[in-house]
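In my numbering, the protein residues as written are 1 to 330.
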């Protein structure tokens, strides 16, 4: 049987448990928070006073902070790309509405959609960013699409999402701390609750991988090895500003995030180690010789990458994005 058919068989085998995993990791729509819970009530008499408060508090946050918040928001707003990608994974059937994997993707997308929604509205009300430039960047990112190196392989895709959900948790959580430290408690609370969603989703995708390791350990190990050897591509890797070439804004955005400690190369290594520990890579049995070699590579990789991370130098000066004008940031 081909590897593709084996993966499809494993996905069909696991499908019977997906409904219970939806109940375990996703929150019913009637119970979960909505963007309006964190934003001024446009129907209320105090709407303009609440907007004024947002604008005043926003003045206390530095330029690099706004660059990172904009980049995080744009990454979240590119959700159509992520949903369409996951819907095309082997074993996910979007035509059959009873397919549990398709249901998972739809419900997960519904939760994730709130993140970009609330951040977008907050940025608009803050008066700190050039929203038209931000909107053009968002449209470019969706139009340009992305290639995360997983093809339609569910094993590789679940490694990717396990990693990325933890990365976004770290980013939103650090942004929350910076906002709170500046006295902006509402923005801090908003970003913190977003990070909580990301952590739940990380645990879900990590459990998918755990379940695959139990039934197809060698191929799951090979998929993990493949993804880490080629390195995890960030979802906003094709980020560009208006008039720029594809991907030209990502490096500067990444430098900014590293400079203020929101997401660093050491965080990347830390996530890898957490996945190795979570999946107990050192204890997995019944591996082929090839998978054993893959395991050895993975076990040694964090220390190798940490040595490289220590050598990385981040530019001290801020890059001037069209999204945020330095002149208006005090």
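Note that the Cβ used here is the ideal one computed from N, Cα and C, for glycine as well.
Query raised in the report: Among the residues of its own chain, which have a CB less than 7 angstroms from the CB of residue 133, if the five just before and after it don't count?
Result: 241, 242, 322, 323
Query raised in the report: Between which two residues does the alpha helix (DSSP H) harbouring residue 217 extend?
Result: 217-230
Query raised in the report: Where do the N-terminal and C-terminal ends of the alpha helix (DSSP H) with residue 100 fall, by residue?
Result: 100-126
Query raised in the report: Taking the alpha-carbon positions, what's the residue 239 to residue 91 distance?
Result: 30 angstroms
Requested in this report: Note down, in chain order, each residue of its chain lying with its Cβ closer than 8 angstroms to the Cβ of residue 213, except the 5 sequence neighbours on either side.
Outcome: 220, 221, 279, 284
Requested in this report: Determine the extent of the alpha helix (DSSP H) in which residue 80 is found, giving its start and end residues.
Outcome: 79-87
**Report entry** C-alpha gap between residue 77 and residue 71, whole angstroms
**Finding:** 10 angstroms
Query raised in the report: Skipping 5 residues on each side, what residues in its chain have a beta carbon closer than 7 angstroms to that of residue 202?
Result: 162, 165, 166, 169
Query - Helix, strand or coil at residue 213 [DSSP, three-state] - result: helix
Requested in this report: Spell out a yes or no on whether the stretch 222-229 and the stretch 37-52 are touching, meaning 3 or more CB-CB pairs, one atom from each, closer than 8 angstroms.
Outcome: no
Query - Length of the line joining the Cα atoms of residue 116 and residue 7 - result: 32 angstroms
**Report entry** residue 262 vs residue 128 beta-carbon contact at 8 angstroms
**Finding:** no
Query - CA-to-CA distance, residue 98 to residue 178, given in whole angstroms - result: 43 angstroms
**Report entry** Start-to-end residues for the alpha helix (DSSP H) that takes in residue 318
**Finding:** First-last for residue 318: undefined, no H or E at that position.
Report task. Counting only the same chain and skipping the five closest in sequence on each side, list residues whose C-beta sits under 7 angstroms from that of residue 196. Result -> none
Requested in this report: Tell me whether residue 294 sits in a helix, a strand or coil according to DSSP, three-state version.
Outcome: helix
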